[in-house]
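Numbering (our numbering), first residue to last: 4 to 174.
C-beta atoms are modelled at their ideal positions from N, C-alpha and C, and glycine is treated no differently.
This is the structure:
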């Protein structure tokens with residue numbers, strides 16, 4: 004008997020909506036909550052394991068959440084094979100390689116995607132993150148040191164390189 008004080012609970016299984024799980028997982032992944040995102044994306048992946056979006060982002064969350072780089076790269080590779088014309092799968096694979104420290108592999112994959120899809124803004128952004136960084140102009144300061152940053156702008160303005168500076172100063 005229900006007097007309106009507490010809702011009655013129905014017994015049985017609740018059916019999951021993979022799309023809802025997927026989008027909640029994507030939001031969690033964007034907010035750097037990889038462990039929570041992995042749970043949601045795994046549910047979506049288990050419901051529809053032939054959806055390239057679900058496969059690739061499940062792989063990315065697996066890498067970020069558990070550090071399972073090998074399994075994650077397999078999943079992202081499968082996603083690219085499922086739908087090679089899907090840019091998100093290539094982005095996920097490139098980000099995965101970059102996160103694993105495989106900058107060369109990431110660059111190759113993203114360069115191939117740029118040839119296939121053209122100069123897409125998302126590809127260009129991820130590609131710029133993957134490129135090797137130049138050495139600091141003043142080698143005995145770390146990159147974020149304020150003098151190092153001041154030297155970078157001075158060198159860019161005058162056209163000197165760090166090797167030229169090191170040679171003139173006897174470093």
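Across the structure, residue 118 and residue 69 are spaced so that their CA atoms are roughly 32 Å apart.
Within 10 angstroms of the beta-carbon of residue 76 lie 16 or more other beta-carbons, which makes it buried. Under the three-state reduction of DSSP, residue 68 is assigned to helix. Here residue 66 really is in contact with residue 102; their C-beta atoms are around 6 Å apart, less than 8 Å. Taking the C-beta atoms as reference points, residue 94 is found no nearer than 8 Å to residue 80.
A check of alpha carbon separations from residue 133 across 112, 52, 49 and 57 identifies 112 as the nearest. If you look at residue 93, you'll find it in the alpha helix (DSSP H) that goes 90–102. The beta carbons of residue 91 and residue 56 sit closer together than 8 Å. Under the three-state reduction of DSSP, residue 55 is assigned to helix. In the DSSP annotation of this structure, the continuous segment of the alpha helix (DSSP H) that includes residue 27 starts and ends at 21–33. Going by C-alpha positions, residue 109 is about 34 Å away from residue 19.
Collapsing the DSSP output to three states places residue 74 in a helix.
Rounded to the nearest angstrom, the gap between the Cα atoms of residue 121 and residue 38 is 33 Å. The three-state secondary structure of residue 121, taken from DSSP, is coil.
Exposed is the label assigned to residue 107, since fewer than 16 other Cβ atoms lie within 10 Å of its Cβ.
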